[in-house]
Amino acid sequence: GMLLGLAEILTPFHLQAVYHASSRAIGLAFAALFIGSNLAQPIVARWSDAAGRLRPMLIGGCVSVVCYLLLLVSLPLPVFLAVFALTGAASSLFFTPLLPLITEAAHGEQTGMLVGTTNTLWSLGYLIGPAVGGIVAGSWGRAGYLAPACACLCGVGVVLFLWRIYPIGRERTAVPASTA
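First residue of the sequence shown: 223, per this note's numbering; consecutive thereafter.
Spelled out as structure tokens, the structure:
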């Protein structure tokens, strides 16, 4: 949530400063971000069902870091839009498997509490992200994209930690077919 909030603040300033973008072009950038995210979600869901939850999360975190760093480079606007769309897809790689992973790790009544806590933390991040994004943009300008890249690296670190201690998230166990 915080990364999305950061991007919502940093990207318009970046597009205005680098590309002299109009509000229409800025809107197209966000359309690319959300289209990339929404197109990736069903594909990621199927992949994480088959391959395990942590692999897509790890790849999504790493691709997000690369995407945020590429957004620092002066790219032609169509390439920037493509990278921004890939950033949305990478966020889907990270977040789509998250709730199923939490649900699989929970036991009984813990499920509601863990899912609720996850949603609350995401919402807090989305609330804090724009404020942090404003501070980052005011202090570092275009280099403000380093903050989301660093946050993605922290996410990759968490996934690597989970990878080490949580084997269920690494690979999917075969589910026996029902004999109904």
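Even glycine gets a Cβ: it sits at the ideal position worked out from N, Cα and C.
Does any heavy atom of the ligand ATP sit closer than 6 Å to the C-beta of residue i?
| i | result |
| --- | --- |
| L255 | Here there are no bound small molecules, and the ligand ATP is not part of this structure. |
Go ahead and label residue i buried or exposed: buried means 16 or more other beta carbons lie within 10 angstroms of its beta carbon, across all protein chains shown.
| i | result |
| --- | --- |
| G377 | buried |
| S286 | buried |
| L276 | buried |
| A272 | exposed |
| G249 | exposed |
| V295 | exposed |
| V237 | A quick correction: the sequence has Leu, not Val, at residue 237. Classification of L237: buried, given that the 10 Å Cβ count is 16 or more. |
| G274 | buried |
| L225 | buried |
| L323 | buried |
In whole angstroms, what is the alpha-carbon distance linking residue i and residue j?
| i | j | result |
| --- | --- | --- |
| T333 | A251 | 36 Å |
| P278 | A373 | 17 Å |
| L308 | L315 | 10 Å |
| Y241 | Y290 | 17 Å |
| L375 | G330 | 32 Å |
| A304 | A328 | 37 Å |
| I357 | G366 | 9 Å |
| S244 | A254 | 16 Å |
| G258 | L293 | 16 Å |
| T318 | A239 | 33 Å |
| F383 | A312 | 20 Å |
| I280 | L336 | Residue 280 is actually Leu in this sequence, not Ile. Roughly 21 Å separates the two Cα atoms. |
| N260 | W269 | 15 Å |
| L368 | C284 | 14 Å |
| S345 | L321 | 14 Å |
| A267 | A353 | 31 Å |
| I387 | V381 | 10 Å |
| T340 | T325 | 11 Å |
What residue range is occupied by the uninterrupted alpha helix (DSSP H) comprising residue i?
| i | result |
| --- | --- |
| T233 | 224 to 241 |
| R268 | 245 to 273 |
| R277 | 276 to 292 |
| S361 | 332 to 362 |
| V378 | 368 to 387 |
| S314 | 299 to 317 |
| A327 | 320 to 327 |
Kindly indicate which residue of the options has the alpha-carbon position closest to the one of residue i.
| i | options | result |
| --- | --- | --- |
| G360 | L232, T325, A262 | L232 |
| P298 | L343, A247, G338 | A247 |
| P234 | L323, F302, P264 | F302 |
| E230 | G274, R386, L349 | L349 |
Which whole-angstrom value is the C-beta distance of residue i and residue j, which I expect to be below 8 Å?
| i | j | result |
| --- | --- | --- |
| G223 | G351 | 6 Å |
| L228 | G363 | At roughly 14 Å, the Cβ-Cβ gap does not stay under 8 Å, so L228 and G363 are not in contact. |
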